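Read through the structure below, which is laid out as structure tokens, and then see the notes.
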Amino acid sequence: EPSIVWFRRDLRLADQAALLAAAQAGAVIPVYVLDDETPKHCRMGGASRWWLYHSLASLDASLRKLGSRLILRRGKVHEELAAIRRETGARVVHALHHYEPWWRNAEKAVAKTMQIVLHDGNYLAPAGAVKSGSGAPYKIFTPFWHALKDRMPPAHPSEAPAKLDSPEHWPASDKLDDWKLLPTAPDWAGGFREEWTPGEKGALERLEDFADRAERYEQCRNLPSIEGTSRLSPHLHFGEVSPSTVWQRVAAAGGSVDVFLSELGWRDYAQNVTLQFPDYGSKNAREAYDRLQWRDDAEGLQAWQQGRTGYPIVDAGMRELWHTGWMHNRVRMIAASFLVKHLLIDWREGERWFWDTLVDADYGSNAVNWQWTAGTGVDSNMFVRIMAPLTQSPKFDAAGYIRKWVPELAKLSDADIHDPVFPPQGYVPKIVPHAEARARALAAHDAMKAQA
Ligand code: FAD
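In my numbering, the protein residues as written are 82 to 533.
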């Protein structure tokens, strides 16, 4: 009898342990289930849906080359898989481990009616496996990373199966276009199409391109005006390339790539935190912050979302995000800090906006980075350390970046563009002066402490 491979964010054929195990056992039914109900407020956002569409189309095309195909179903996972079992006689489900709380619940529901076998491979180490000497999971990144590094390098990635046997009867499948994952009116994805090639092939091309520049990563990664980072994040999020493949390829490129590898470690770390705190995307890890008086400021939130704060580096980042579905990490830190400290708006508003607009939107990584920025997390930047966006911008040489994303400022000199004394017509004045914003944030923090 055939077995089911339940694809989630592991949309690849190579180094995909669930697919390999199913292929070795006999006929394979590759399945993707779209469930928009169960994740509730974590329903997949707009940018992710655009990516998913193209990634699923690409996976189906690759499967067809092996004589197979991708079955698409919509609804609750355990109900859909049970229906496929009735349609085909398949009794075993193979899948890779994921740590989003809604998916862990779905696995339990599936296990009630079918045998489900979970494999590793979407992280460098199985979540929960990296523990301290006393057997406790780590809360802080640095010791986590040291312990993870001790287990590296990861095993060599396995190849894609050479062929896949089909079941006697294929179950019914939805049509991808009927899922309406792509934007129509307005079509905001023009910039996405220019920037990205979703799918396993696009991921491997990105990796090759980066491997040639990996050695310069350490010097260049904080400079948004140049392409110093890998831009692999959406490919890694959707699992179009495995982290072991990325590790092995970059390590083989030679040179000093440790800093890059430790960034991959952050990705594992985020899952390790989510496993310990499943509500990390919505609850302050430090409860004292439940008493912080965030401002209710719909206008300020909108100005931030649209890149109209009057702070050039913040506006450039927010517009890059809207246009391409991605933002440079240094600028993510500056823009996120601006929302939380300068506007004193609850980090969860920012987390939600990123969730909807990032092509790499990831439950663990997004929550961990937002809570880190806000100072509310288990491993945190302190709230009272307030980043000065106008100082950060020249420090990281962002003039070219601002010129690209904020055309109103394009004519200003490198010296003026970070903080224009006379903003050109068409560019907004600062939404709040830096000194005032800083004092307001510190006062709110003091008030929170006074209540303790
Ligand atoms: P590179 O610098 O080339 O790094 C390689 C890979 O390492 C990345 O592709 C990513 O998988 C991983 N990585 C790097 N930095 C981090 C990090 N700080 N945390 C976790 N993983 C990391 N990253 C996401 O993948 N999804 C998110 O939803 C997300 N939300 C963020 C929100 C905020 C407020 C901030 C400050 C950062 C967020 N990040 C998120 C982390 C980071 O900004 C991106 O992973 C990175 O910019 C992706 O670009 P890259 O692939 O060129 O990264």
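Quick reminder that beta carbons are idealized off the backbone N, C-alpha and C, glycines included.
Predicted model only: the values in this text are computed from it and were never measured.
{"Query": "Which residue marks the beginning of the beta strand (DSSP E) containing W87, and which one marks its end?", "Result": "S84 to F88"}
{"Query": "Using the beta carbon as the reference atom, which residues fall closer than 6 Å to any heavy atom of the ligand FAD, ordered along the chain?", "Result": "R302, T310, S311, R312, L313, S314, L317, H318, E344, L345, W347, R348, A351, N410, R413, M414, A417, F435, L439, D441, A442, D443, S446, N447, N450, W451 and T454"}
{"Query": "Considering Cα atoms alone, identify which of H316, Y298, K492 and A99 is closest to G202.", "Result": "A99"}
{"Query": "Exposed or buried, E289, counting other C-beta atoms within 10 Å across all chains shown (16 or more means buried)?", "Result": "exposed"}
{"Query": "Tell me the rounded alpha-carbon separation between L205 and L92.", "Result": "17 Å"}
{"Query": "For R484 and P505, I'd like the C-alpha separation in whole angstroms.", "Result": "13 Å"}
{"Query": "Just how far apart, CA to CA, sit W277 and H409?", "Result": "15 Å"}
{"Query": "Take E430 and list the residues in its own chain whose beta-carbon comes closer than 8 Å to its own, dropping the five residues that flank it on each side.", "Result": "L382 and L420"}
{"Query": "Taking DSSP as the reference, what is the three-state secondary structure of L115?", "Result": "strand"}
{"Query": "For F209, tell me which candidate among Q196, C301, A192 and A228 has the shortest Cα-Cα distance.", "Result": "Per the sequence shown, residue 209 should be read as Gly rather than Phe. Comparing Cα-Cα distances from G209 to each of Q196, C301, A192 and A228, the minimum goes to A228."}
{"Query": "Give the DSSP-derived three-state secondary structure of R411 in the structure shown.", "Result": "helix"}
{"Query": "Name the DSSP beta bridge partners of K476, please?", "Result": "In the DSSP output, where bridge partners are listed per residue, K476 has none listed."}
{"Query": "So, with DSSP's three-state summary, where would you put P470?", "Result": "helix"}
{"Query": "Ignoring anything shorter than 4 residues or poking outside the region 286-317, list the alpha helix (DSSP H) runs there in chain order.", "Result": "298-301"}
{"Query": "Tell me which same chain residues have a C-beta within less than 7 Å of the C-beta of A241, skipping the five on either side of it?", "Result": "L94 and A95"}
{"Query": "Kindly list the residues whose CB is nearer than 8 Å to the CB of A56, restricted to its own chain and excluding five residues on each side of it in sequence; keep chain order.", "Result": "An answer regarding residue 56 cannot be provided, because it is not within the stretch 82 to 533 covered by the chain."}
{"Query": "One question on the structure: do V354 and V449 come within less than 8 Å of each other, judged by their Cβ atoms?", "Result": "yes"}
{"Query": "Between A192 and W87, how many whole angstroms is the CB-CB distance? I'm expecting something under 8 Å.", "Result": "Not really, about 12 Å apart at Cβ, beyond 8 Å."}
{"Query": "If I measure Cβ to Cβ from S254 and keep anything under 8 Å in the same chain, skipping five residues before and after, which residues do I get?", "Result": "R150, L151, I152, L153 and R154"}
{"Query": "Mark D141 as exposed unless 16 or more other C-beta atoms lie within 10 angstroms of its C-beta, in which case mark it buried.", "Result": "buried"}
{"Query": "Tell me whether L92 sits in a helix, a strand or coil according to DSSP, three-state version.", "Result": "coil"}
{"Query": "Label T390 either buried or exposed according to how many other C-beta atoms from any shown protein chain fall within 10 Å of its C-beta, with 16 as the threshold for buried.", "Result": "buried"}
{"Query": "Go to Q196, then tell me how far its beta strand (DSSP E) extends in each direction, as first and last residue.", "Result": "Q196 to H200"}
{"Query": "Which same chain residues, not among the five before or five after P510, have their C-beta less than 8 Å away from its C-beta?", "Result": "G391 and P504"}
{"Query": "So, do the region 162-172 and the region 296-308 have three or more beta carbon pairs nearer to each other than 8 Å?", "Result": "no"}
{"Query": "Quick check on the DSSP output: the alpha helix (DSSP H) that includes V449 runs from which residue to which?", "Result": "Y444 to A455"}
{"Query": "Taking only the alpha-carbon atoms, compute the straight-line gap between I426 and I394 and give it to the nearest angstrom.", "Result": "19 Å"}
{"Query": "Considering Cα atoms alone, identify which of V327, M195, G336 and S494 is closest to A236.", "Result": "V327"}
{"Query": "N462 and W453: beta carbons closer than 8 Å?", "Result": "yes"}
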